[in-house]
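The structure appears right after this line, and notes come after that.
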Amino acid sequence: MRQITPNNVSKLGLAFTFSTATTHGYEAPPLVVAGTMYLITPFPNYLYALDLTKPGAPTKWTFKPKPLAASQGVACCDTVNRGAVYSKGKIIFNTLDGQTIAVDAKSGQQVWRTRLGNIQKGETITMAPLVANGKVLVGNSGGEMGVRGWIAALDEGSGKVAWKAFNTGPDKDVLIGPRFKPAYGSDRGKDLGVKTWPPNAWKIGGGNVWGWISYDPALNLIYYGTGNPGPWNPDQRPGDNKWTTGVFARDLNTGQAVWFYQSTPHDLFDHDDINENILADIPWGNSRRPVLLRPGRDGFFYVIDRRSGQVLSATPYGYVNAYRGVDLKTGRMVPNPDKDPKQGRVTRNICPAAPGLKDWNPAAFSPITGIVYIPHNNLCMDFGAMEANYIAGTPYVGADVKFYAGPGGNRGVFTAWDPLKRRAIWEIKEDLPLWSPALATAGGVIFYGTMDGWFKAVDARNGHLLWKFKAGSGIIGQPISYRGPDGRQYIAVVAGVGGWSGAVVSLKLDTRDPTAALGFANATKDLPQKTTAGGMLYVFTLPR
Amino acid sequence: MSSRFRANLTIIAAAGLVLSACDREERHSRSKPIGETVPAGQSPDTIYPGSGTPPPLDARAKLYDNNAPAIAEGQRLYMQMNCVGCHFHGGGGMGPPLMDDEWRYGGRIDQIAATIAEGRPNGMPAWRGKLTDDQIWQLAAYVRTLSGQPSKDAVASRSEEMSNTTPQTLTPREPTKTSDTAEQ
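So the sequence lines, in the order shown, correspond to chains A and B. Under the working numbering, the first residue of the first sequence carries the number 1429, and numbering increases by one thereafter. Under the working numbering, the first residue of the second sequence carries the number 6, and numbering increases by one thereafter.
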């Protein structure tokens, strides 16, 4: 929508607010369908329906799924939820304790629920499902608990599992068959999901699907990234650890793998590859190529041909010293041997740190400017690797880690990246890590939030700050733009600090221990002085 | 034992050091059986109807509190049983911090032992049957070092891990009254 522009955004004012009754990290976007706004909260995963046709947007109904309380004890990085989806009259979402639930969008009554995860193994679900052509796609979390990663497709009408593909193990489990044609030689061979691990390590090897799934209807393929291999201590799992930290393309109907690209074979730094896959058709050479645009956790911006999995370019979009670069002939990441963590030793100044140059929070692509707007981190780390013991339902990490600001001292950066010229056109340094996704509007305004609670609007062309609003809690939630029932453009975001980066506040951690929250406590020590926990929706619009 | 011992330390430092060296090597004898059980459901509460008197500290507590070998063994278990993966070196993560002054289920060693044995509803696993009662007491003794409870001569003067946590001899001592401000 174009009502809000760089010229008038400074007049943006509050339309209404709503308290979610939760105080953990709020990462989900609000969802607006037919005059109703739906909000899915962190644990205990309340689903609210707000009536946008009435003044003040009163609650129409609330659905409480009552997930198991103990699931909070196996969720690695706060008890977040990354969103609900709408399809054919139903709101579909996941619960922390591993269920997928469909609720009637009008009545708020449950249509079906399917249990997919088992918290006894440390398995949770935090991702937002994707509905494509009658299938609900869901994946699990638990890469820090030795949970074997999978993606499942449920029938949208019944919730029954149509297919399920693991991301480690034998080809029959991974749904690798005759259609599988990866672009690079290192991904070809039988049962690589077994052979690239020590015996049986693939059974507890991670490769979870806690991020984003994209769908290309023309190719009928889904794309998703796989999480880190477990444990973090790389010496316990020699080999490439297929099919972790990479991107899969699968056939939507059957789940059969079509191609795979592993961004960081034998991941050393918890560089999950679960980040968003932005589908774009871009000019490349003399033709137009259907590609995936991927600002990776490992610090490289990838342009990948989405038909074949071939990497067209991979360029660092921030400070990286952990890798030397990607060999475009073999597709292989060239690691920096100086930064290779060894068991019993501390390896210092590894950049980017475990949360990556960018973590889960999606970038925004503007088809108008052709620019990808990337909210991300500038963090480095010290990494002490030690032997991890596998005990089901407990952490399987084997690392003593602490993070701190990278070069320049700022912990966050907002980068406007030109994927064709492979360079930043502008950037904004932010003091705190950026954990909120970005929103790019057709009016030429970019919105994002900061962990100390500023909600900002900047000019898409040059990054100039146009407007800001101080929310009651730090913002890690996803902003949206929507047309209200009155025809006006609204901008909505939920403030509620938390997540991995904000756990020091939402879980009340003690920052005297630099290793708390897997090392993030050291990087956000000052956060408890800058914000408090919350869970409040803010909706803005222009004055009449 | 500990208070008398600390008095010694302050009055005659040298004698105290000698005693300390002896104390650190002290191990409880297996020939005289101790009641090797964890106090099931030891109350984490602060309201005791009728008398207002909390239950007396479990008699076995003194075998573990301030006992250097028990604490050292507890530290080893804390790493190996993955306690460290949730609580880290006291700052917390998936589990609450253990180095601060907030004790939802009580900070007494018998209360901590009960929490380890029974688990707690918001995600703390129940370890009874997975660890011996002796090990659970040792873990509880170590957990108390994270908030500086034992005397400084019973704890390690250097970190056993690779992290940059401060040595436990420098850990500040926090109050341990039951407190429920940390919701998780």
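Ideal Cβ positions, reconstructed from N, Cα and C, are used throughout, including at glycine.
Item, Value
"Nearest CA to the CA of L1649 of chain A: which residue from A:D1859, A:R1607 and A:V1508?", "A:R1607"
"Buried or exposed: where does E1455 of chain A fall if 16 or more other Cβ atoms within 10 Å of its Cβ makes it buried?", "buried"
"So, does the CB of Q173 of chain B fall closer than 7 Å to a CB anywhere in chain A?", "no"
"Just checking my contact of C1504 of chain A with M86 of chain B at CB under 8 Å: how many whole Å lie between their CB atoms?", "Actually they are not in contact, since the Cβ atoms of C1504 of chain A and M86 of chain B sit about 18 Å apart, beyond 8 Å."
"Whose Cβ in chain B lies nearer than 8 Å to the Cβ of D1941 of chain A?", "F93, H94, G95, G96, G97, P102, M104 and T170"
"What does a CB cutoff of less than 6 Å around V1967 of chain A pick up in its chain, not counting 5 residues either side in sequence?", "A1443, F1444, Y1918 and A1920"
"Could you check the C-alpha separation between N71 of chain B and A146 of chain B for me, to the nearest Å?", "7 Å"
"For the structure I just gave you, are there three or more beta carbon pairs, one from the region 1840-1860 of chain A and one from the region 1661-1676 of chain A, closer than 8 Å?", "no"
"Please classify G1441 of chain A as buried or exposed, where buried requires at least 16 neighbouring CB atoms within 10 angstroms.", "exposed"
"Taking the C-alpha atoms as reference points, what is the distance between N1436 of chain A and L1970 of chain A?", "8 Å"
"Among all the DSSP beta bridges, which residues are the ones paired with Q1538 of chain A?", "A:V1531"
"Ignoring anything shorter than 3 residues, give me the beta strand (DSSP E) runs that lie fully in the region 1853-1904 of chain A, in order along the chain.", "1873-1877, 1882-1887 and 1893-1898"
"How many whole angstroms separate the CB atoms of H1699 of chain A and G1784 of chain A, which I take to be in contact at a CB cut-off of 8 Å?", "6 Å"
"Using the beta-carbon of each residue, which ones in chain A are nearer than 7 Å to Q116 of chain B?", "Those within 7 Å of Q116 of chain B in chain A number zero; the least Cβ separation is about 19 Å."
"Rounding to the nearest angstrom, what Cα-Cα distance links A1462 of chain A and I1908 of chain A in this structure?", "15 Å"
"So, with DSSP's three-state summary, where would you put V1825 of chain A?", "coil"
"List the residues that DSSP assigns as beta-bridge partners of C1504 of chain A.", "A:D1506"
"Specify the secondary structure class of C91 of chain B as computed by DSSP and reduced to three states.", "helix"
"Comparing C-alpha positions only, which one of A:D1787, A:G1737, A:G1585 and A:A1498 sits nearest to D1726 of chain A?", "A:D1787"
"Taking the alpha-carbon of R1752 of chain A as reference, which of A:G1746, A:T1743, A:P1610 and A:V1762 has the nearest alpha-carbon?", "A:V1762"
"Hey, does Q140 of chain B have any beta-carbon neighbour from chain A nearer than 7 Å?", "no"
"Whose C-beta lies closer than 6 Å to the C-beta of S7 of chain B among residues of the same chain, with five residues either side of it excluded?", "Legend: pLDDT at S7 of chain B = 45, less than 50; position of this residue unreliable, no value from coordinates given."
"Jot down the residue ranges of each uninterrupted beta strand (DSSP E) in the region 1617-1659 of chain A, minimum 3 residues, whole runs only, in chain order.", "1641-1644 and 1649-1653"
"Residues in the region 127-158 of chain B with C-beta within 9 Å of chain A's C-beta atoms, listed in sequence order?", "N127, G128, M129, P130, K135 and L151"
"Can you say whether I52 of chain B is buried or exposed, counting buried as having 16 or more other CB atoms within 10 angstroms of its CB?", "exposed"
"Locate the beta strand (DSSP E) running through G1674 of chain A, then write down its first and last residues.", "G1674 to D1679"
"In chain order, what residues of the region 1518-1530 of chain A put their CB closer than 8 Å to some CB of chain B?", "none"
"Name the residue from A:N1777, A:R1773, A:A1750 and A:R1776 whose alpha carbon lies nearest to the alpha carbon of P1765 of chain A.", "A:A1750"
"Compare the beta carbon distance of G1545 of chain A and F1491 of chain A with 7 Å and say whether it is the shorter of the two.", "no"
"What does the alpha-carbon distance come out to for the pair L1427 of chain A and T1654 of chain A?", "Because chain A spans 1429 through 1972 in this model, residue 1427 of chain A falls outside it and cannot be assessed."
"Comparing alpha-carbon positions, which option in A:I1706, A:P1718 and A:D1810 lies nearest T170 of chain B?", "A:D1810"
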